[in-house]
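There are 2 protein chains.
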Amino acid sequence: MSFRLTILGTSSALPTSDRYPTAHVLNVHERLFLIDCGEGTQMQMRRYRIRFGKINHIFISHLHGDHFFGLYPLLSSFNLMGRKSPLNIYAPAPFEEMLARHLKDFDIKLGFELITHGLSGRSMKLILDDKRVQVFSFPLKHRVKTFGYLFREKEKERKIIKECVTRHKLSISEIALLKSGADIVRESGEVIINAEMTTLPPPGVSYAFCSDTAFFPKLASYVAGVNMLYHEATFGDDHETLARQTGHSTARHAAVVAREAGAGRLLLGHFSARYKSPVQLEEEARQVFPASEAAREGETYDI
Amino acid sequence: MSFRLTILGTSSALPTSDRYPTAHVLNVHERLFLIDCGEGTQMQMRRYRIRFGKINHIFISHLHGDHFFGLYPLLSSFNLMGRKSPLNIYAPAPFEEMLARHLKDFDIKLGFELITHGLSGRSMKLILDDKRVQVFSFPLKHRVKTFGYLFREKEKERKIIKECVTRHKLSISEIALLKSGADIVRESGEVIINAEMTTLPPPGVSYAFCSDTAFFPKLASYVAGVNMLYHEATFGDDHETLARQTGHSTARHAAVVAREAGAGRLLLGHFSARYKSPVQLEEEARQVFPASEAAREGETYDI
């Protein structure tokens, strides 16, 4: 049972000698979700042993190159590796026509199905609902249409109190019913009350991804109560004006969002090349929200 | 005075954990020529300390992604680094319209002039002629229109025989005339014969780049007498049929071209991911042309 995040890149648009552009891999019970796909993502996936075949969903925040220049080479590699299973791509609409045109330009004929999901709208939307996880998109505020993503593990089953199994001689089907939350009425008329047999399931964990965005108060409501918030922090306090001008955030902005949202932890990234080390950004965020840290490439975070 | 080649990538279309796709940097007396630009080229340039500002000419062999997916991110980085000087790009025509369209799709507004040179034709052509070097394009034989490139250092000046300077009391302007190949007629009527005062200049060195291509006999004539030949060697003898089917060469094919061309040395690259090490390819090439070696990433070769 896992819900963990691997960071493949922490740079903003201009990569540095030790920072790749944005790409995250979220592992939810061995389903791998790739979030943004900057140049070199597939090299980073190889370096950090991310299994290509386990990725069936790719989420692109927006169509600036540092968030998706790695997509075409990755699709090409999937192809060369003989992929057959369908691949879902989520990105701001209308990217589907552009994607098809570029694949033709690049002479890439995919041997697998590409299922495109063009995102639009100005509210939070459920875009993926599978057995274990729900994914929502929500609007960010950047120079081009940009979306954040919220990954929420589905609520687990209720937990059976062990001694009840023997005391009431519960059958396997009765246990399944109780786990799903139902009471049981036996043929004898005996009623077994769920609340006496089970305890609340552990809450599903959640991860939100916000890149790139200017600060706006409503953002905190989209990511309220999230266990881990990733938020871009392109600049520090020293370049707050530049942040506003370019549709980006400072580390302090990110921390305000985390605090307002009641997030568990804050992970910072998308650092401008002008910061040799993200220590300053980390410190500025911690002044507002102590559980802040700068993302490190190749690191895996258990959420 | 330098004429040296740095290898940034040796993989074919599918990169591996230790091989990047094709990109070469040729340094001719501190003019840097970038040849092909696969994904991650700018990361490799940083890793191997290639100076971005010294690149004014980029040569793309063909529009398959593993040879140019790194171009857009590189252009974007040039832009973010504040580049102002014009940049020349050479690639099979008509790539100019596609390039302009993609830059628009990717929201990249360049702050410097892009000078595009669309290549066409079925013969060798002089495409760049500057003070120190001439560059020629020539057709290769691949699944899409593809060009090889030949870089030829211009012939240097003749060398003055030292003792002649004092014996004939040569003035500075007379020395310059002799170096350029002229005879001298002094006001006294004395004639100074160039051939008696000078020796032949050292020949200009040359480098040829051939990727990707199927074997064809005429190729050797395009690269005749080249000091160093780079030739793709995607496959070994074990996959000669696959090489023919995909428009690629075996290491042995590359070596035949080098031998027929009378090349000084042969550098192999563009290795299929199926070869964990290129040792087999190197050995097969050496059976035909002993001065063969597998290119190594990050290595600089003096030519």
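Which chain is which? The protein sequence lines are A and B, in order. Under my numbering, the first residue of the first sequence carries the number -15, and numbering increases by one thereafter. Under my numbering, the first residue of the second sequence carries the number -15, and numbering increases by one thereafter. Glycine included, each C-beta is placed from N, C-alpha and C at the ideal position.
Report buried or exposed for residue i, applying the criterion of at least 16 other Cβ atoms within 10 angstroms of its Cβ.
i: B:Met212; result: buried
i: A:Gly24; result: buried
i: B:Phe193; result: buried
i: B:Glu266; result: buried
i: B:Gly165; result: exposed
i: A:Arg106; result: exposed
i: A:Phe200; result: exposed
i: B:Arg280; result: exposed
i: B:Gly(-7); result: buried
i: A:Gly246; result: exposed
i: B:Met27; result: buried
i: A:Thr234; result: buried
i: B:Ile177; result: exposed
i: A:Pro262; result: buried
i: B:Pro187; result: exposed
i: A:Ala84; result: exposed
i: A:Ile156; result: exposed
i: B:Glu268; result: buried
i: A:Gly54; result: buried
i: B:Gly66; result: exposed
i: B:Ser172; result: exposed
Are the C-beta atoms of residue i and some chain B residue less than 9 Å apart?
i: A:Pro76; result: no
i: A:Pro(-1); result: yes
i: A:Gln26; result: yes
i: A:Glu23; result: yes
i: A:Ala7; result: no
i: A:Leu226; result: no
i: A:Met181; result: no
i: A:Ala238; result: no
Taking 9 Å as the threshold (beta carbon to beta carbon), is residue i in contact with chain A?
i: B:Ala61; result: At residue 61 of chain B the sequence reads Ser, which differs from the Ala that was named. At least one chain A Cβ lies under 9 Å of B:Ser61.
i: B:Leu304; result: Because chain B spans -15 through 287 in this model, residue 304 of chain B falls outside it and cannot be assessed.
i: B:Tyr4; result: yes
i: B:Ala245; result: no
i: B:Ala279; result: no
i: B:Ala257; result: yes
Between residue i and the rest of its own chain, which residues show a CB-CB distance below 6 Å, the 5 nearest in sequence each way excluded?
i: A:Asn11; result: Ser(-14), Arg(-12)
i: A:Ser104; result: Ala77
i: A:Glu244; result: Ala204
i: B:Gly282; result: Tyr32
i: A:Lys129; result: Pro76
Just the Cα atoms here: how many angstroms apart are residue i and residue j?
i: B:Phe255; j: B:Thr6; result: 10 Å
i: B:Ala217; j: B:Glu158; result: 51 Å
i: A:Asp91; j: A:Glu141; result: 48 Å
i: B:Arg30; j: A:Thr0; result: 7 Å
i: A:Pro123; j: B:Ile34; result: 39 Å
i: B:Tyr214; j: B:Leu252; result: 6 Å
i: A:Asn63; j: B:Lys260; result: 20 Å
i: A:Leu98; j: B:Asp2; result: 29 Å
i: B:Tyr4; j: B:Ile145; result: 48 Å
i: A:Arg228; j: A:Arg236; result: 13 Å
i: A:Ser276; j: A:Asp221; result: 16 Å
i: B:Arg290; j: A:Cys21; result: Because chain B here runs from -15 to 287, residue 290 of chain B falls outside it and cannot be looked at.
i: A:His51; j: B:Val207; result: 41 Å
i: B:Glu80; j: B:Leu(-2); result: 26 Å
i: B:Gly209; j: B:Ala238; result: 15 Å
i: B:Val272; j: B:Tyr285; result: 22 Å
i: B:Asp89; j: B:Pro274; result: 48 Å
i: B:Val9; j: B:Lys109; result: 21 Å
i: B:Ile111; j: B:Leu250; result: 24 Å
Under 8 Å from any heavy atom of the ligand FMN, does the C-beta of residue i make it?
i: B:Leu251; result: The ligand content of the structure shown is nil, which means the ligand FMN is not present either.
With a CB to CB cut of under 7 Å and the five nearest residues on each side skipped, what residues in its chain are close to residue i?
i: A:Ser69; result: Asn40, Phe96
i: B:Lys143; result: Thr182, Thr183, Pro185
i: A:Arg287; result: Position check: residue 287 of chain A holds Ile in this sequence, whereas Arg was assumed. Correct list, in chain order: Phe(-13), Arg(-12), Leu(-11), Val189, Tyr191, Asn211, Met212.
i: A:Glu224; result: Thr234
Leaving out five residues before and five after residue i in sequence, what residues of the same chain have Cβ atoms less than 8 Å from its Cβ?
i: A:Gly231; result: Lys125, His126, Arg127, Asp196, Thr197, Ala198
i: B:Glu14; result: Ser(-14), Lys38
i: B:Leu162; result: Arg142, Ile144, Leu154, Ile168, Ile176, Asn178, Met181, Thr182
i: A:Gly132; result: Ser45, Ser121, Phe122, Pro123, Leu124, Ala192, Phe193, Cys194, Ser195, Thr197, Leu203, Tyr206, Val207
Flag residue i as yes if its beta-carbon sits less than 9 Å from any beta-carbon of chain D, otherwise no.
i: A:Leu16; result: Of the protein chains in the structure, A and B, none is chain D.
For this session: Determine which residues of the stretch 29 to 59 of chain B have a Cβ less than 8 Å from any Cβ of chain A, and write them out in chain order.
Result: Listed by position, the residues of the stretch 29 to 59 of chain B near chain A (Cβ gap below 8 Å) are Arg30, Arg31, Leu47, His48, Gly49, Asp50, Phe53, Gly54, Tyr56, Pro57.
Problem set entry | Under 9 Å (Cβ pairs) to chain A, residues found in the stretch 118 to 144 of chain B | Close to chain A, meaning a Cβ-Cβ distance shorter than 9 Å, are the following residues of the stretch 118 to 144 of chain B: Arg127, Val128.
For this session: Quick one: which residues of the stretch 85 to 107 of chain A get their C-beta closer than 8 Å to a C-beta of chain B? List them in chain order.
Result: Correct list: His86, Asp89, Phe90, Asp91, Ile92.
Problem set entry | Residues within the stretch 194 to 219 of chain A neighbouring chain B, beta-carbon criterion of under 7 Å | Contacts with chain B (Cβ-Cβ distance below 7 Å) from the stretch 194 to 219 of chain A involve no residue at all.
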